[in-house]
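A.B. asks: Each residue of the sequence shown is one higher than the one before, starting from 606 at the first, in this note's numbering.
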Amino acid sequence: MSRRLRTSLMAFVGMLILILDAKTAVRGAGEGVSLCLRVVIPSLFPFFVLSVLLTASLSGTAVPVLRFVGKLCGIPSGAEPLLLIGLLGGYPAGAQAVAQSYEAGRLSRRDAEKMLGFCSNAGPAFLFGMIGGKFSQPWVPWVLWGIHISSALTVGILLPGRSNGNAGAVRRGEMSLPEALRQGMRIMASVCGWVVLFRVVLAFLNRWLLWLLSLPGQVIVSGVLELSNGCCDLDRIPGDGLRFVICSGMLAFGGLCVVMQTASVTGDLGMGKYLPGKLMQTALSLLMAVTAQYFLFSAGERAAVSPWLTTAVAIPAGIAGIVLMISEKKSSISWRIGV
Numbered sequence: 606m607s608r609r610l611r612t613s614l615m616a617f618v619g620m621l622i623l624i625l626d627a628k629t630a631v632r633g634a635g636e637g638v639s640l641c642l643r644v645v646i647p648s649l650f651p652f653f654v655l656s657v658l659l660t661a662s663l664s665g666t667a668v669p670v671l672r673f674v675g676k677l678c679g680i681p682s683g684a685e686p687l688l689l690i691g692l693l694g695g696y697p698a699g700a701q702a703v704a705q706s707y708e709a710g711r712l713s714r715r716d717a718e719k720m721l722g723f724c725s726n727a728g729p730a731f732l733f734g735m736i737g738g739k740f741s742q743p744w745v746p747w748v749l750w751g752i753h754i755s756s757a758l759t760v761g762i763l764l765p766g767r768s769n770g771n772a773g774a775v776r777r778g779e780m781s782l783p784e785a786l787r788q789g790m791r792i793m794a795s796v797c798g799w800v801v802l803f804r805v806v807l808a809f810l811n812r813w814l815l816w817l818l819s820l821p822g823q824v825i826v827s828g829v830l831e832l833s834n835g836c837c838d839l840d841r842i843p844g845d846g847l848r849f850v851i852c853s854g855m856l857a858f859g860g861l862c863v864v865m866q867t868a869s870v871t872g873d874l875g876m877g878k879y880l881p882g883k884l885m886q887t888a889l890s891l892l893m894a895v896t897a898q899y900f901l902f903s904a905g906e907r908a909a910v911s912p913w914l915t916t917a918v919a920i921p922a923g924i925a926g927i928v929l930m931i932s933e934k935k936s937s938i939s940w941r942i943g944v
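(1) For residue 889 versus residue 682, is the C-beta distance shorter than 8 Å?
(2) What is the DSSP secondary structure of residue 771, reduced to helix, strand or coil?
(3) From residue 637 to residue 800, what distance separates their C-alpha atoms?
(4) Compute the Euclidean distance between the alpha carbons of residue 696 and residue 840, then round it to the nearest angstrom.
(5) Which same chain residues end up closer than 6 Å to residue 630 when comparing Cβ atoms and leaving out the 5 residues on each side of it in sequence?
(6) Measure the alpha-carbon distance for residue 819 versus residue 835 and round it to whole angstroms.
(7) For residue 610, name the three-state secondary structure that DSSP assigns.
(8) Can you tell me whether residue 781 is helix, strand or coil according to DSSP?
(9) Which residues in the same chain as residue 902 place their Cβ atom closer than 8 Å to its Cβ, once the five residues preceding and following it in sequence are excluded?
(10) Among the candidates 864, 768, 837, whose CA atom is the shortest distance from the CA of residue 643?
(11) For residue 861 and residue 704, which I take to be in contact (beta-carbon distance under 8 Å), what is that distance rounded to the nearest angstrom?
(12) Rounded to a whole number of angstroms, what is the C-alpha to C-alpha distance between residue 958 and residue 857?
(13) Quick one: what's residue 682 bridged to in DSSP?
(14) Taking all protein chains shown into account, do 16 or more other C-beta atoms lie within 10 angstroms of the C-beta of residue 739, making it buried, or fewer, making it exposed?
(15) In its own chain, which residues sit with a C-beta less than 7 Å from the C-beta of residue 734, not counting the 5 before and 5 after it?
(16) For residue 771, is the classification buried or exposed, using 16 other Cβ atoms within 10 angstroms of its Cβ as the cut-off for buried?
(17) For residue 876, name the three-state secondary structure that DSSP assigns.
(18) With 16 as the cutoff for other CB atoms within 10 Å, does residue 731 come out buried or exposed?
Written as structure tokens, this is what we have:
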């Protein structure tokens with residue numbers, strides 16, 4: 606079946622579902638719009654504008670600390686600003702910057718594919734704007750950000766394919782506040798569009814399947830589909846400890862919505878090691894969060910390391926290892942035959 610025919614069939618089935626159960630669709634879309642107006646836009650929009658300004662001002666700037674971090678992660682010399690965008694710009698700005706550098710000839714395919722695995726992350730704008738009010742202690746988002754950055758850099762160290770080459774980093778022109786405002790509005794519109802779309806999907810899932818799961822399970826499914834929806838539902842989970850662990854995993858993976866956005870901005874480069882890297886980062890983030898909660902929360906607030914949590918760590922790690930081995934084997938074969 607061709608890709609065009611598959612897409613047409615999926616669109617037809619989706620429209621048929623919307624027609625047959627219009628009330629659920631309207632309710633889900635209404636919840637999504639309400640969520641955007643009440644929570645998403647007030648929490649994120651100011652951060653998005655400032656994040657665009659900060660990223661633009663630092664992009665192409667030599668930062669001595671990043672030079673050392675870049676060597677640890679095995680990225681080409683001169684590609685450190687891409688790492689900075691990946692840590693500060695938010696999903697999927699880092700992946701887009703890597704793809705643009707590859708298309709401009711500043712990165713080899715091998716280096717770009719590796720950098721996709723750890724250079725696209727939840728930015729501080731999203732993390733502090735969306736997560737800040739979900740915990741009783743104001744310092745929790747800072748710890749989550751530390752875990753998020755640490756797990757991403759650890760993935761960069763663990764991923765094979767270290768580079769000894771150089772990459773030319775291009776300095777951007779100075780960005781004005783009106784331009785940052787326009788970019789922030791475009792990002793905000795995209796985020797809200799995905800939130801509404803996936804809220805409709807969640808409405809159907811809640812009607813048909815998710816009611817069978819526990820509250821934490823429902824929030825996890827919501828976050829795996831679309832990160833903003835999952836984060837907005839975090840306050841449904843009792844106890845800061847369990848909320849902390851689940852939030853750490855959701856931030857690391859980013860959700861299927863972010864995977865689709867990443868695929869749409871990487872162009873000819875493809876996804877590279879993005880999915881293996883995200884799965885490894887999810888496993889690492891969960892392990893770090895499970896460990897950190899024993900030092901941060903009281904005994905009554907900690908999440909028990911139950912079998913479902915162990916499985917949630919083991920499955921991403923196992924899948925990441927298998928996918929990574931397969932991709933590395935294909936990559937080495939391609940390099941040997943000169944493809």
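Each residue gets a CB set at the ideal place from its N, CA and C atoms; glycine is no exception.
Quick caveat: nothing in here was measured; it's all calculated off a predicted structure.
C.D. replies: Once the coordinates are examined:
(1) The residue labelled residue 889 in the question sits at position 284 within the sequence shown. The residue labelled residue 682 in the question sits at position 77 within the sequence shown. Taking 8 Å as the Cβ cut-off, residue 889 and residue 682 do not qualify as a contacting pair.
(2) By 1-based counting over the sequence shown, the position of residue 771 is 166. If DSSP states are grouped into helix, strand and coil, residue 771 belongs with the strands.
(3) By 1-based counting over the sequence shown, the position of residue 637 is 32. By 1-based counting over the sequence shown, the position of residue 800 is 195. When rounded, the distance between both Cα atoms is 6 Å.
(4) For the purposes of this step, residue 696 is taken as residue 91 along the sequence shown, with counting starting at 1. For the purposes of this step, residue 840 is taken as residue 235 along the sequence shown, with counting starting at 1. Looking at the two C-alpha atoms, the distance is approximately 23 Å.
(5) Walking along the sequence shown from the start, residue 630 turns up at place 25. Once the five neighbours on either side are set aside, the close Cβ partners of residue 630 are 623, 805.
(6) Here residue 819 corresponds to residue number 214 of the sequence shown, with the count starting at 1. Here residue 835 corresponds to residue number 230 of the sequence shown, with the count starting at 1. Near 14 Å, if we compare the C-alpha coordinates of residue 835 and residue 819.
(7) Translated into the one-based positions of the sequence shown, residue 610 becomes position 5. Of the three classes helix, strand and coil, the one that applies to residue 610 here is helix, per DSSP.
(8) Looking up residue 781 in the sequence shown gives position 176. Correct three-state label for residue 781: coil.
(9) Position 297 of the sequence shown, counted from the start, is the residue given in the question as residue 902. So the list reads 845, 846, 849, once near-sequence residues are dropped.
(10) In the sequence shown, residue 643 corresponds to position 38, counting from 1. Comparing Cα positions, the closest option is 837.
(11) Along the sequence shown, read from residue 1 onward, the residue named residue 861 stands at position 256. Along the sequence shown, read from residue 1 onward, the residue named residue 704 stands at position 99. Not confirmed; about 19 Å, so no contact.
(12) Nothing about residue 958 can be reported from this structure: the residues present for the chain run from 606 to 944 only.
(13) Locating residue 682 in the sequence shown gives position 77, where the first residue counts as 1. In the DSSP output, where bridge partners are listed per residue, residue 682 has 771.
(14) For the purposes of this step, residue 739 is taken as residue 134 along the sequence shown, with counting starting at 1. With 16 or more other Cβ atoms within 10 Å, it is buried.
(15) Sequence index remark: in the sequence shown, residue 734 carries index 129 (1-based). Same-chain partners within the cutoff: 648, 649, 652.
(16) Indexing the sequence shown from 1 puts residue 771 at position 166. Exposed: under 16 other Cβ atoms inside 10 Å.
(17) Working through the sequence shown from its first residue, we reach residue 876 at position 271. Residue state, collapsed to three classes: coil.
(18) As a first step, residue 731 is located in the sequence shown; it is residue number 126 there, counting from the start. Buried, by the Cβ-count rule.
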